[in-house]
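Heads up, the thing below is written out as structure tokens.
Okay, structure coming up:
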């Protein structure tokens, strides 16, 4: 029973990916006045799905190696280690989000302090 639910979830995710890839391909085709066949969209979807599965396995392996059950940003940054430019973009993004989070925390604390 669990396998059936898992297979159903997998198929729904794959269908959602197919739809998203199809939307992106259609948008680019309109911009460039080109056409794409359903077979092309299917092949592109399969390639993306395979990459997603490989990435998921790698992230899970990194997390397990660190003794964690949750994937963290450190795992994602480790995954991008072979592409220095991508890793730097991702690191900058993570750092920016951390700063925004700390700033929001500081505002909340200041607001709570003023109420006292």
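In my numbering, the protein residues as written are 16 to 131. Ideal placement from N, C-alpha and C gives every residue a C-beta, glycine not left out.
Under 8 Å between the Cβ atoms of residue i and residue j?
i           : j          : result
residue 65  : residue 36 : no
residue 106 : residue 92 : yes
Have a look at residue i and residue j and give me their C-alpha separation to the nearest angstrom.
i           : j           : result
residue 25  : residue 74  : 18 Å
residue 96  : residue 33  : 28 Å
residue 101 : residue 41  : 26 Å
residue 120 : residue 63  : 37 Å
residue 52  : residue 46  : 16 Å
residue 39  : residue 124 : 43 Å
Among the options, which has the Cα closest to the Cα of residue i?
i          : options        : result
residue 68 : 29, 48 and 111 : 29
I need the boundaries of the alpha helix (DSSP H) containing residue i, first residue and last residue.
i          : result
residue 91 : 88–94
According to DSSP, is residue i helix, strand or coil?
i          : result
residue 79 : helix
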